[in-house]
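*Asks:* The structure that follows is given in the form of structure tokens.
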Amino acid sequence: MVPALLKMENIQTFVNFCEAYGVPKTGLFQTVDLFDGRNMTQVVSCIQQLGSEVCTCMFTPRKRAM
Numbered sequence: 001m002v003p004a005l006l007k008m009e010n011i012q013t014f015v016n017f018c019e020a021y022g023v024p025k026t027g028l029f030q031t032v033d034l035f036d037g038r039n040m041t042q043v044v045s046c047i048q049q050l051g052s053e054v055c056t057c058m059f060t061p062r063k064r065a066m
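The sequence shown maps to residues 1 to 66 in our numbering.
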């Protein structure tokens, strides 16, 4: 079992990455939002904004082989 502190550190690392990648501070969520499942709307919004930043920064995902 992963200790709660390590889980929270991993979440904070993700939030820090989002900010460094260009997600505005208003688009970030607090660690407890995800850890406690309190404000999942903000968590999803942050992930969507990260996706938009990835597209803006010209990241092109690999196409699936058909």
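Note that the Cβ used here is the ideal one computed from N, Cα and C, for glycine as well.
(1) Indicate the three-state DSSP secondary structure (helix, strand or coil) for G22 in the structure shown.
(2) Quick one: what's got a C-beta closer than 7 Å to V23's C-beta in the same chain, skipping five residues either side?
(3) If you check the beta carbons only, do D36 and V43 fall under 8 Å apart?
(4) Throw me the rounded Cβ distance for the C18 and L6 pair, which I believe falls under 8 Å.
(5) Buried or exposed for V2, please, with buried defined as at least 16 other CB atoms from any protein chain shown within 10 angstroms of its CB.
*Replies:* Well, looking at it:
(1) coil
(2) C46, Q49, L50 and E53
(3) no
(4) That pair is no contact at about 19 Å.
(5) Result: exposed.
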